[in-house]
Amino acid sequence: MLERNEQEPMALVDDTRIDEPAFRVSEATAGDFFSLLKPRVMSLVVFTAFVGLAAAPVAINPFLAVVAILAIAVGAGASGALNMWYDADIDAVMSRTATRPVPSGRVAPGEALVFGLVLSALSVMTLGVLVNWLSAALLAFTIFFYAVVYTIWLKRSTPQNIVIGGAAGAFPPVIGWAAVTGSVSLESVILFLIIFLWTPPHFWALALFKSGDYERAGIPMMPNVAGEASTRRQIFAYALVLAPVGVLPWYLGYAGAVYGAAAALLGAGFVWYSWKVLRMSDGDRAMRPAKALFGYSLLYLFAIFAVYLADSVAERALGLVGA
Amino acid sequence: MAEDKQETVILTERQQKARRSRSIAIGIALAALVVIFYVATIIKFGPSILDRAM
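Top to bottom, those sequences are chains A and B. Following my numbering, the numbering of the first sequence begins with 1 at its first residue and continues without gaps. Following my numbering, the numbering of the second sequence begins with 324 at its first residue and continues without gaps.
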């Protein structure tokens, strides 16, 4: 027995080298794994999910509300990790993404995949067991949609990638709403529509001034497939549709006049910035209008959801005072 | 004797630090999960879930 114990480990070492990549000891810190979750995207997901949850007409235990938001955030982060696992090859050639944990070698692809899968399962199960199964099913669908439909299928095959893939980013307020009410209603579908219609002009504005990056990576983004002029026209068309949809919650009586006025102003701003992009000359390499629209689009989404939240909270508070 | 010594991987300081940071994060996440499920169970079923006939 003693002899076997002495010889077996030696035999193992002789057959395989411990410095082979498969035996590489990870140098990834907890921070590297955290950045796999795309914290900046996650913060937008948390905010929009919270608005859906807080604007719902029924109350939920505050602790379970925190659990729901946490599960949605982790689920969104997990889909980000799966995206970084699959996209490591194209991330490596784009300046914006080359320093991400997988292309920079800090996290092995297999580690990112397992991390994403484990967190996906954990977040969906937690939401289902502790909150409700409709919201858990919507979260599972969102993760699947982002990781498989967008990342693996659409992103590399069609310039409509972010139009359809944008649905994944639009789901969080619907999940937040479903976590409280146990249903999907027109109010939450309109919140979905606002993000869904906001996504193409937001990303195409970015793609206009980063088109070289996307081209090098071989991603068929609108500017390098249909051309810059067509992209600018499409950005303007989406802005024209987005602006009135932003006002819909007021028009349908789900939000007050303050929201209606704010949404109209914000929408008019979006159309104005998109108009500037439309009028941008072909030879404009600085692309200031596109950069300005990209910045404004972030402000637009944050502001319109913040006003919607404030409006519904104020309405409820006034209702309590009235009662 | 030298051949009796088992060959093992000796972690560099950087690898040790990274492993420690991952271990702490996993520990905190597990502890948070336990607290979440404990509190949520009491909220969903009420404090009576703690009253058990002995």
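Think of the CB as a built atom: it goes at the ideal place given N, C-alpha and C, for glycine as much as any other residue.
Contact annotation: ALA264/A and VAL307/A have beta-carbon atoms that are not nearer than 8 Å. By the neighbour-count criterion, in which a residue is buried when 16 or more other Cβ atoms sit within 10 angstroms of its Cβ, PRO39/A is exposed. Chain-order list of chain B residues neighbouring ASN61/A: ALA363, ILE366 and LYS367, by C-beta distance under 9 Å. Contact between the segment 142-161 of chain A and the segment 183-192 of chain A is absent: fewer than 3 CB-CB pairs across the two stretches fall below 8 Å.
DSSP places LYS367/B inside the alpha helix (DSSP H), whose first and last residues are 336-368.
Taking a C-beta distance under 8 Å as the contact criterion, ILE304/A and ILE194/A qualify as a contact pair.
The C-beta of TYR296/A has 16 or more other C-beta atoms within 10 Å across all chains shown, which makes the residue buried. In this structure PHE368/B is exposed. Its beta-carbon is surrounded by fewer than 16 other beta-carbon atoms within 10 angstroms.
For GLN234/A, the uninterrupted alpha helix (DSSP H) segment begins and ends at 228-251. Under the Cβ distance rule, SER26/A counts among the residues neighbouring chain B, one pair being separated by less than 8 Å. The straight-line gap separating the alpha-carbon atoms of ALA257/A and VAL313/A is approximately 14 Å. By the neighbour-count criterion, in which 16 or more other beta carbons inside 10 Å mark a residue as buried, MET125/A falls on the exposed side. For TRP153/A, no alpha helix (DSSP H) segment is defined, and its DSSP state is neither H nor E. Rounded to the nearest angstrom, the Cβ distance from ASP91/A to ALA81/A is 13 Å, too far for a contact under 8 Å. If you compare the alpha carbons of LEU298/A, VAL93/A, TRP85/A and ALA78/A with that of PRO101/A, the shortest gap goes to TRP85/A. Put simply, the backbone Cα of GLY31/A is about 18 Å away from that of ASN83/A. In the three-state reduction of the DSSP assignment, VAL41/A falls in the helix class, which pools H, G and I. Rounded to the nearest whole angstrom, the CA to CA distance from LEU242/A to TRP133/A is 31 Å. Around the CB of GLU228/A, 16 or more other CB atoms lie within 10 Å, so the residue is classed as buried. For the C-beta of THR29/A, the chain B residues within less than 8 Å are, from N- to C-terminus, LYS340, ALA341, SER344 and ARG345.
Within the model, the alpha-carbon separation for ALA73/A versus HIS202/A is close to 21 Å.
With 16 or more other Cβ atoms inside 10 Å of its own Cβ, ARG232/A counts as buried. Looking at LEU320/A, PHE192/A, ALA179/A and GLU315/A, the one whose alpha-carbon comes closest to that of GLY169/A is PHE192/A.
Distance check between LYS276/A and each of LEU70/A, LEU293/A and ILE190/A places LEU293/A closest, using alpha-carbon atoms only. For LEU139/A, the nearest beta carbon of chain B is not closer than 8 Å to its own beta carbon. The segment 356-370 of chain B makes contact with the segment 60-71 of chain A, as at least three CB pairs between them are under 8 Å. Under the 8 Å criterion on CB atoms, ALA348/B is classed as interfacial with respect to chain A. About 11 Å separates the beta carbons of GLY52/A and ILE190/A, which is beyond the 8 Å limit, so they are not a contact pair. One alpha carbon belongs to ALA178/A, the other to LEU309/A, and they sit about 16 Å apart.
Of all residues in the segment 56-80 of chain A, those with a C-beta nearer than 7 Å to a C-beta of chain B are ASN61, PHE63, LEU64 and VAL67, reading in chain order. Nearest to SER274/A by alpha-carbon distance, out of GLN160/A, ALA239/A and MET287/A, is ALA239/A. Excluding residues up to 5 positions away in sequence, nothing lies with its Cβ nearer than 8 Å to the Cβ of ASP374/B in the same chain. Per DSSP, reduced to three states, the secondary structure at LYS210/A is coil, with no helix or strand assignment. The beta carbon of ASP87/A sits closer than 7 Å to the beta carbons of THR151 from its chain, once the five residues preceding and following it are set aside; these are given in chain order. In this structure LYS155/A is not in contact with PHE209/A, their Cβ atoms being roughly 19 Å apart against a cut-off of 8 Å. At a cut-off of 8 Å between C-beta atoms, LEU334/B counts as an interface residue with respect to chain A.
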